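What follows is a single structure, written as structure tokens, with notes after it.
2 protein chains.
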Amino acid sequence: MLKLKTAAVEKISHQDYFNIAVSVDCVIFSYQNKSLKVLLIKSDLEDFQGLYSLLGDLVGPEEDLEDAPYRVLYERTGLQDVYLEQVHTFGNINRHPSGRVITTAYFSLVNCKSSKLQISDNDVSWHNIADIRRLAFDHKIILDTCLQQLQERVMEHPIVFNLLPEKFSLRELQDLYEAILGLGLDRRNFRKRIIAKDWLVDLNEMEEDVPHRPGKLYKLRSGLRKSGRLSIQVEQKLAV
Amino acid sequence: MLKLKTAAVEKISHQDYFNIAVSVDCVIFSYQNKSLKVLLIKSDLEDFQGLYSLLGDLVGPEEDLEDAPYRVLYERTGLQDVYLEQVHTFGNINRHPSGRVITTAYFSLVNCKSSKLQISDNDVSWHNIADIRRLAFDHKIILDTCLQQLQERVMEHPIVFNLLPEKFSLRELQDLYEAILGLGLDRRNFRKRIIAKDWLVDLNEMEEDVPHRPGKLYKLRSGLRKSGRLSIQVEQKLAV
DNA sequence: GCAAAAGTGTTAATCTTACACCCATGC
DNA sequence: GCATGGGTGTAAGATTAACACTTTTGC
Chain A
1 MLKLKTAAVE
11 KISHQDYFNI
21 AVSVDCVIFS
31 YQNKSLKVLL
41 IKSDLEDFQG
51 LYSLLGDLVG
61 PEEDLEDAPY
71 RVLYERTGLQ
81 DVYLEQVHTF
91 GNINRHPSGR
101 VITTAYFSLV
111 NCKSSKLQIS
121 DNDVSWHNIA
131 DIRRLAFDHK
141 IILDTCLQQL
151 QERVMEHPIV
161 FNLLPEKFSL
171 RELQDLYEAI
181 LGLGLDRRNF
191 RKRIIAKDWL
201 VDLNEMEEDV
211 PHRPGKLYKL
221 RSGLRKSGRL
231 SIQVEQKLAV
Chain B
241 MLKLKTAAVE
251 KISHQDYFNI
261 AVSVDCVIFS
271 YQNKSLKVLL
281 IKSDLEDFQG
291 LYSLLGDLVG
301 PEEDLEDAPY
311 RVLYERTGLQ
321 DVYLEQVHTF
331 GNINRHPSGR
341 VITTAYFSLV
351 NCKSSKLQIS
361 DNDVSWHNIA
371 DIRRLAFDHK
381 IILDTCLQQL
391 QERVMEHPIV
401 FNLLPEKFSL
411 RELQDLYEAI
421 LGLGLDRRNF
431 RKRIIAKDWL
441 VDLNEMEEDV
451 PHRPGKLYKL
461 RSGLRKSGRL
471 SIQVEQKLAV
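One line per chain: the protein sequences are A and B, in this order.
Everything in the first sequence is counted per the numbering used here, starting at 1 for the first residue and increasing by one.
Everything in the second sequence is counted per the numbering used here, starting at 241 for the first residue and increasing by one.
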């Protein structure tokens with residue numbers, strides 16, 4: 001029979017490999033003025049002077065991978081109960097000029113009108129998705145990948161409500177869907193389709209201060225809002 | 241103006257973080273006797289004595305992340321033009337007893353009748369998906385996640401043909417879909433649906449050596465077979 | 001009363017599902 | 001000739017897409 005290695009022995013023999021940094025990068029989406037936005041920071045690396053990059057950080061040695069994007073979000077925006085989804089891990093050798101860094105990309109949906117949102121760093125700001133041409137590192141590819149995943153998810157999963165205030169009209173919701181999907185939708189069909197999903201509760205309240213006939217207000221059915229720690233990770237913990 | 245850091249300076253200041261190992265784990269699917277199989281290896285760690293684990297390896301310091309699963313596949317099976325898809329990255333602190341290892345999971349589809357397939361290690365063997373209860377590490381969760389992603393992909397993308405020989409009958413194809421999806425399909429509807437996708441070419445050949453009326457043979461339309469380096473990575477390289 | 005957006009229903013087309021009989025081959 | 005699976009079509013139901021008019025409010 002083969003001699004079994006202890007974990008300790010294996011660790012020593014593989015020491016050379018503990019030589020790669022792991023980071024997370026967050027594509028933090030918000031929605032304002034009928035446009036989908038993403039939070040970016042001015043790159044502080046000479047190599048990318050003048051370019052913006054996604055918000056990210058190295059994963060701490062004592063930190064679960066999935067905790068890192070929540071920490072980044074909290075440190076940068078003050079927000080804690082955010083929606084996060086892991087998208088893809090990028091690991092080309094030369095993707096980072098500082099050394100070997102493999103990064104796991106997450107997208108996040110935040111309400112930019114939340115009272116808890118506070119961005120103190122002057123180099124951090126919201127940018128229209130449609131206006132972004134280049135980013136530092138491989139962050140444009142990461143952004144595009146995350147946007148595509150967002151587009152694939154929104155019709156099947158009630159996640160876009162994380163971008164809206166508690167109460168919203170169907171028109172606001174439709175504008176948001178159009179901004180995310182980048183296309184126009186038929187109003188009547190959209191309303192039927194959304195109502196049929198049974199995600200919404202009619203609040204029997206009306207919009208106020210609109211210069212036209214006010215629309216009804218809705219909210220997301222309670223129990224459907226997904227935010228906080230990722231579900232896949234919860235399963236993982238339970239299984240261990 | 242803020243003083244910009246050079247990449248070299250940043251690397252030194254972050255040296256503590258280059259302390260996490262990165263691995264890849266491959267869920268290598270194949271199909272035999274009307275069952276979906278996965279390639280597993282007997283764990284050589286004391287902590288998991290008697291359990292099987294997925295095939296994986298640490299990512300080399302000079303190796304693109306996406307190259308690692310191809311290398312693992314090649315080293316373990318001799319196969320080079322395989323279909324691979326990245327699924328998810330798992331990074332709980334304690335997921336690996338040897339130390340801090342973050343792993344990116346891939347699934348792969350291989351034809352177990354390929355002449356190039358050779359598995360020399362006696363501890364490596366095929367296992368029926370349906371029979372697997374426990375695996376070493378968090379590999380059962382990784383397997384389940386990959387199987388779910390495979391199930392979500394198969395109806396929209398022509399990938400399952402990587403599990404079949406060059407020529408196959410519609411019955412063989414349907415059996416394969418049923419094994420992957422874990423459910424029965426109506427034969428007439430399945431045939432209409434597959435034919436409508438325009439993925440197949442009728443070879444005007446018949447099955448041989450079957451103890452019943454032989455079925456027509458088909459092959460995948462050329463140009464639709466996806467294997468080799470991952471497309472997302474190719475885009476990434478072009479953009480750099 | 002006019003501008004602006006809210007609200008609402010029907011029809012046609014498409015897609016999906018369920019279902020049963022005759023046919024070709026090996027034995 | 002019989003057992004086995006191959007091959008095929010239709011009708012009902014569900015879903016999706018296209019499309020226009022009336023209503024309510026602020027000004």
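Glycine included, each C-beta is placed from N, C-alpha and C at the ideal position.
All figures in this text were calculated on a predicted structure; none of them were measured in a lab.
Which same chain residues end up closer than 6 Å to residue i when comparing Cβ atoms and leaving out the 5 residues on each side of it in sequence?
{"i": "I232(A)", "result": "Only weak support exists for where I232(A) lies, its pLDDT of 48 falling under 50; the coordinates are left without a value."}
{"i": "V341(B)", "result": "A261, S263"}
{"i": "Q32(A)", "result": "C112"}
What residues in its chain sit with their C-beta under 8 Å from that of residue i, if we drop five residues either side in the sequence?
{"i": "Q482(B)", "result": "Outside the modelled stretch of chain B, which goes from 241 to 480, sits residue 482(B), for which no answer is possible."}
{"i": "D81(A)", "result": "S227, G228"}
{"i": "Q49(A)", "result": "S43"}
{"i": "L181(A)", "result": "Q151, V154"}
{"i": "K134(A)", "result": "Before going further, note that residue 134(A) is Arg rather than Lys in the sequence given. Contacts found: L51, K140."}
{"i": "N19(A)", "result": "R100"}
{"i": "E166(A)", "result": "K219"}
Does the beta-carbon distance from residue i to residue j come in below 9 Å?
{"i": "I142(A)", "j": "A105(A)", "result": "yes"}
{"i": "D64(A)", "j": "S23(A)", "result": "no"}
{"i": "T103(A)", "j": "D25(A)", "result": "yes"}
{"i": "E66(A)", "j": "G331(B)", "result": "yes"}
{"i": "S365(B)", "j": "L279(B)", "result": "yes"}
{"i": "L170(A)", "j": "I194(A)", "result": "yes"}
{"i": "V350(B)", "j": "L294(B)", "result": "no"}
{"i": "D121(A)", "j": "I28(A)", "result": "no"}
{"i": "P158(A)", "j": "K192(A)", "result": "no"}
Quick one: is residue i buried, meaning 16 or more other Cβ sit within 10 Å of its Cβ, or exposed?
{"i": "K277(B)", "result": "buried"}
{"i": "K211(A)", "result": "With the sequence shown as reference, residue 211(A) is identified as Pro, and Lys is not the correct amino acid for it. P211(A) comes out exposed."}
{"i": "P309(B)", "result": "buried"}
{"i": "E302(B)", "result": "exposed"}
{"i": "L423(B)", "result": "exposed"}
{"i": "S250(A)", "result": "This structure does not reach residue 250(A), given that chain A is present from 1 up to 240, and the question cannot be answered."}
{"i": "S222(A)", "result": "exposed"}
{"i": "L460(B)", "result": "buried"}
{"i": "V240(A)", "result": "Note that V240(A) scores 35 on pLDDT, short of 50, meaning its location in the model is unreliable and no value can be drawn from it."}
What does a CB cutoff of less than 7 Å around residue i pick up in its chain, not counting 5 residues either side in sequence?
{"i": "V87(A)", "result": "A105, Y106, F107, T145, C146, Q149"}
{"i": "H96(A)", "result": "F137"}
{"i": "R84(A)", "result": "The displayed chain sequence assigns Leu, not Arg, to residue 84(A). The answer, listed in chain order, is P69, Y70, Y106, S108, L230."}
{"i": "D202(A)", "result": "K216, Y218"}
{"i": "P214(A)", "result": "M206, E207, E208"}
{"i": "L416(B)", "result": "Y271, V400, L403, L404"}
{"i": "F168(A)", "result": "L217, Y218"}
{"i": "Q174(A)", "result": "L185, R187, F190"}
Is residue i helix, strand or coil by DSSP?
{"i": "F330(B)", "result": "strand"}
{"i": "C26(A)", "result": "strand"}
{"i": "A376(B)", "result": "coil"}
{"i": "K192(A)", "result": "helix"}
{"i": "D371(B)", "result": "helix"}
{"i": "I20(A)", "result": "strand"}
{"i": "V101(A)", "result": "strand"}
{"i": "Q358(B)", "result": "coil"}
{"i": "Q32(A)", "result": "strand"}
{"i": "L416(B)", "result": "helix"}
{"i": "L403(B)", "result": "helix"}
{"i": "L319(B)", "result": "coil"}
{"i": "L170(A)", "result": "helix"}
{"i": "L298(B)", "result": "strand"}
{"i": "R225(A)", "result": "coil"}
{"i": "C386(B)", "result": "helix"}
{"i": "E152(A)", "result": "helix"}
{"i": "D304(B)", "result": "coil"}
{"i": "R71(A)", "result": "helix"}
{"i": "L421(B)", "result": "helix"}
{"i": "R95(A)", "result": "coil"}
Determine which residues share a DSSP beta bridge with residue i and list them.
{"i": "S365(B)", "result": "L280(B)"}
{"i": "V201(A)", "result": "K219(A)"}
{"i": "E325(B)", "result": "F347(B)"}
{"i": "M206(A)", "result": "K216(A)"}
{"i": "S293(B)", "result": "I281(B)"}
{"i": "F288(B)", "result": "None, per the DSSP bridge assignment."}
Please find out if some non-hydrogen atom of the ligand MN comes closer than 8 Å to the beta-carbon of residue i.
{"i": "T103(A)", "result": "The ligand MN is absent from the structure shown, which contains no ligands of any kind."}
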